[in-house]
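These notes concern the structure reproduced below.
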Amino acid sequence: MTQPAFLDSPQGRRLAYVATPGTGPTVVFLSGYKSDMDGTKAVHLEAWARSRGRAFLRFDYSGHGRSGGRFEAGCIGDWADDAQAVLEALTDGPVILVGSSMGGWIASMMTQRLGRVAGFVGIASAPDFTEDGFWASFDESQRATLLNDGQVALPSDYGDPYIVTRRLIEDGRSHLVLRSPLPMPFPVRLLQGSADTAVSTDTLLRLFDHIDSPDLQMTLVKGVDHRFSDPASLALIEAAIDQVSPA
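Here the sequence shown is numbered in full-length UniProt numbering, starting from 1 and rising by one per residue.
Shown next, in the form of structure tokens:
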């Protein structure tokens, strides 16, 4: 396992990252909720970028992977600030953002904050999931538990239960991106599997409808799940990065 370097963010959070030098716009991978930079997609794309001499950056949000902090203490605003800190400190010039699941939401936010995004690839993007996924699906008992106890535990297909905090829900409402147009004046590719049980195709379509891009394409792959990390799916991600990269 590659040993990371560390960046202290302006908010005082210690963030782990691995940067691969190279040419062209830096490809930056933004991982998902309770995921990290050592996942299959991030590591595969790093090797792919290295083989092509392309600059690549992967990192962990606070409370994730090898970064400092507790996962349960974080929220969308914190993790977006982490992403912004990493992008501003560790990249120069144009960047290609590759966001997986929650990383697709945070990457969407970065396209509005950073003026040098050259392309965006969303993989099973999960914008606004705290409100339209978690909160919308809670029954009255779960909502009461969240408000009274400050958190509620949800079962997960990927290991330990998700601890959803009141802060996560309330902060998420300040960062929703599907309530107004999303100007992205660069190429965008959205990828998702039809067997994804974590993010609905309705979310994919809503994001597609909200993005204002001169070159926007959506690919729905039959039978692929939320991980989107089988060899054929990884090849699709590689192709999408090439498609959104400046000639």
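Note that the Cβ used here is the ideal one computed from N, Cα and C, for glycine as well.
Here Arg206 is actually not in contact with Leu182; their C-beta atoms are around 11 Å apart, not less than 8 Å.
A direct Cα-Cα distance of roughly 31 Å separates Tyr61 from Ser141. Your pair Asp82 and Leu15 checks out as a contact, with CB atoms roughly 6 Å apart and the cut at 8 Å. Counting C-beta pairs with one atom in each stretch, the segment 48-62 and the segment 115-133 have fewer than three that are closer than 8 Å, which means they do not touch.
The segment 100-182 contains, as complete beta strand (DSSP E) runs of 3+ residues, the segments 117-123, 151-154, 162-165 (chain order). Per the coordinates, the alpha-carbon of Val224 lies some 21 Å from the alpha-carbon of Val188.
Residue Phe56 holds the alpha-carbon nearest to the alpha-carbon of Gly93 among Phe56, Ala126, Gly99. For Phe71, there is no enclosing alpha helix (DSSP H), as DSSP marks it with neither H nor E. Within the segment 14-70, complete beta strand (DSSP E) segments of at least 3 residues are found at 14-20, 23-30, 54-59, given in chain order. Of the other Cβ atoms in all chains shown, 16 or more fall within 10 Å of the Cβ of Pro4; this residue is therefore buried. According to DSSP, Asp212 shares a beta bridge with Pro183. Across the structure, Val28 and Gly150 are spaced so that their CA atoms are roughly 33 Å apart. The three-state reading of DSSP puts Thr219 in strand, counting E and B together. Below 8 Å, too few C-beta pairs join the segment 192-200 and the segment 159-174 to call them touching: fewer than three. Bridge pairing for Asp8: Arg14 [DSSP]. With a contact defined as Cβ atoms closer than 8 Å, Val18 and Thr2 qualify at about 5 Å. Non-local beta-carbon contacts of His44 in its own chain, meaning distances under 6 Å to residues more than five positions away in sequence, involve Leu234 in chain order.
Spanning the alpha carbons of Ala124 and Thr20 requires a straight line of approximately 25 Å.
When DSSP reads this structure, Gly93 sits in no beta bridge, so it has no partner. Across the set Phe138, Arg13, Gly172, the C-alpha of Arg13 shows the shortest separation from the C-alpha of Gly68. Ala89 and Leu30 do not touch by the CB rule: their CB atoms are close to 15 Å apart, not below 8 Å.
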